[in-house]
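Residue numbers (our numbering): 51 to 481.
For each residue, glycine too, the CB sits at the ideal point set by N, CA and C.
This is the structure we're talking about:
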């Protein structure tokens, strides 16, 4: 059965609901931030009160730390980062930076200073999860989809109250054969509930992509294989063909958007890459031929090592064995991809209410064979390019966002320090 040929609603209609959802999230997050124990330690000279949290960006001077620029690898001791209205005005050695008088200051002496990290694959469904992601160092992120467009509301929340959510590229709802309750996410999706074979025809695939675009999605998420995290599914089973994936990619491209694709099997990964996806997610058994093709096309690889490693030790023996089998294969794929020059991006695939630190993904990238600096780049400059925010995130340089993490140790010597930032600053607003 095909879907009736009815155009999706215009952006101005669907985004009204999105903005209403963002307002609700903002109210929830404001209440959470006022909860006992939620406030961070004060910054010297910082403003207090509810009016401060309503600002789009803050003024702050981060001084005295050792600054690492992931783009160049340059390390600057006794550095100063000047942030005004949430944007970096200057960054470098103290002797070369004009420090404004009277600005709030954050003392970073004895610590390392880096740009906020980027989680290129995360599922954020609530205001609590969004705030937790920021507190764990992910000041920018790309959604791996949500069931009811919560990620689009989180994106708007981040624009209104940046200290409460990461800068987000939203994926909307999953383009997958079985939508389940997601058919209730938008009235224009409900006709798909009548499809006996699920979302598989060209018309149905286009419909889900078009509704996502009308809702304001920044990227489109689909799959080529079943899920690894469900013991009853076989992640090597292919659910979409090359032709179906090509239909999804073509429809997304007509809307000016790229596609990220959940993939595991060698054939599935190859079909997805040849269909023109922007990034391959998971990809445990991606073949070397496909990696060469990814290098040629500039297709990104987001391996989500954290999610695969997280299956090890699971009480379900199927998931435990799957994690123990998949993780070594995935690390080898990451190492080979890096040697071939395939661009890598760090993503935790956090979901289900638990936000994992993006620093853990960097740690696993390092264990897969990347140098410490290259592993850090997968969560800064590399991931920023994938998200299309390379002129905003991933560095602390003039014109970039005032997103900062302060670390208790040298990440070039031990990347594990990225898992627990000592302080996080989002758009000049210290948490």
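*Whole angstroms is fine: what's the gap from residue 433's alpha carbon to residue 282's?*
The alpha-carbon atoms of residue 433 and residue 282 are separated by roughly 32 Å.
*Identify, in the order they occur along the chain, each residue of the same chain with its Cβ nearer than 8 Å to the Cβ of residue 478, setting aside the five sequence neighbours on each side.*
Only 107, 108, 109, 110, 133, 134, 135, 136, 137, 452 meet the Cβ criterion.
*Report all residues from its chain with a CB closer than 7 Å to the CB of residue 317; omit the five preceding and five following residues, and keep chain order.*
Excluding residues within five positions, the ones whose Cβ falls inside 7 Å are 288.
*asked:* Using only CA atoms, which one of 319, 162, 167 lies nearest to residue 185?
replied: Among 319, 162, 167, the Cα nearest to that of residue 185 is on 167.
*asked:* Can you find the residues in the same chain that come closer than 8 Å, C-beta to C-beta, to residue 120, ignoring five residues on each side of it along the sequence?
replied: So the qualifying residues of the chain are 164, 165, 423, 426, 427, 430, 431, 444, 445.
*Kindly identify the DSSP beta-bridge partner or partners of residue 271.*
Answer by DSSP bridge pairing, in chain order: 310.
*Hey, how far is the Cα of residue 358 from the Cα of residue 459?*
Going by the C-alpha atoms only, they are around 27 Å apart.
_Limits of the unbroken beta strand (DSSP E) element including residue 331_ = Note, residue 331: beta strand (DSSP E), 329 to 332.
_Can you look up residue 432 in the DSSP assignment and give me helix, strand or coil?_
Residue state, collapsed to three classes: helix.
*Please name the residue in 235, 211, 354 whose C-alpha comes closest to that of residue 481.*
Relative to the Cα of residue 481, the nearest Cα in the group 235, 211, 354 belongs to 211.
*asked:* Tell me the rounded alpha-carbon separation between residue 234 and residue 241.
replied: If you draw a straight line from the Cα of residue 234 to the Cα of residue 241, it comes to about 10 Å.
*Can the beta-carbon of residue 328 be found closer than 8 Å to that of residue 350?*
Result yes, Cβ atoms of residue 328 and residue 350 sit closer than 8 Å.
*In whole angstroms, what separates the C-alpha of residue 490 from that of residue 377?*
As displayed, the chain neither begins before 51 nor continues past 481, which places residue 490 out of reach and without an answer.
*Which whole runs of the alpha helix (DSSP H) in the segment 282 to 326 are 4 residues long or more, in chain order?*
As for any alpha helix (DSSP H) of minimum length 4 sitting wholly inside the segment 282 to 326, the runs are 292 to 304, 316 to 325, ordered along the chain.
*Distance, Cα to Cα, residue 270 vs residue 262?*
If I take the Cα positions, the gap works out to 7 Å.
_Contact between the segment 289 to 307 and the segment 340 to 349 (3+ Cβ pairs under 8 Å)_ = No, the segment 289 to 307 is not in contact with the segment 340 to 349.
*Within its chain, find whatever has a CB closer than 6 Å to the CB of residue 180; leave out the 5 residues flanking it on each side and keep chain order.*
Within the same chain, residue 180 has close Cβ partners 174, 204, 215.
*Based on the DSSP secondary-structure assignment, which residues constitute the bridge partners of residue 113?*
DSSP links residue 113 through a beta bridge to 130, 157.
*Quick one, which of 364, 454, 311, 126 has its alpha-carbon nearest residue 142's?*
That would be 126, whose Cα lies nearest to the Cα of residue 142.
*Can you tell me whether residue 154 is buried or exposed, with buried defined as 16 or more other CB within 10 angstroms of its CB?*
With 16 or more Cβ atoms within 10 Å of its Cβ, residue 154 is classed as buried.
*Roughly how many angstroms lie between the CA atoms of residue 238 and residue 213, to the nearest whole one?*
Using only the alpha carbons, I get a separation of about 34 Å.
_By the three-class DSSP mapping on this structure, what secondary structure does residue 392 have?_
Annotated three-state conformation of residue 392 is coil, per DSSP.
*Can you tell me where the alpha helix (DSSP H) with residue 457 in it begins and where it stops?*
Counting along the chain, residue 457 falls outside any alpha helix (DSSP H), though it belongs to the beta strand (DSSP E) covering 454 to 457.
*For residue 391, which residues of its own chain have a beta-carbon under 6 Å away from its beta-carbon, when the five flanking residues on both sides are left out?*
Counting only Cβ-Cβ distances below 6 Å, and skipping sequence neighbours, we find 345.
*Less than 8 Å separating the beta-carbons of residue 267 and residue 307?*
Between residue 267 and residue 307, the C-beta gap is smaller than 8 Å, which places the two residues in contact.
_Rounded to whole angstroms, what is the Cα-Cα separation between residue 305 and residue 265?_
Their Cα atoms are separated by approximately 12 Å.
*In three-state terms, what does DSSP make of residue 163?*
In this structure, DSSP gives residue 163 an extended state, which the three-state scheme calls strand.
*At which residues does the beta strand (DSSP E) containing residue 475 begin and terminate?*
Element bounds for residue 475: 473 to 476.
*Ends of the beta strand (DSSP E) at residue 193?*
Where residue 193 is concerned, the enclosing beta strand (DSSP E) stretches over 188 to 193.
*Would DSSP call residue 199 helix, strand or coil?*
Assignment of residue 199 by DSSP, reduced to helix, strand and coil, places it in the coil class.
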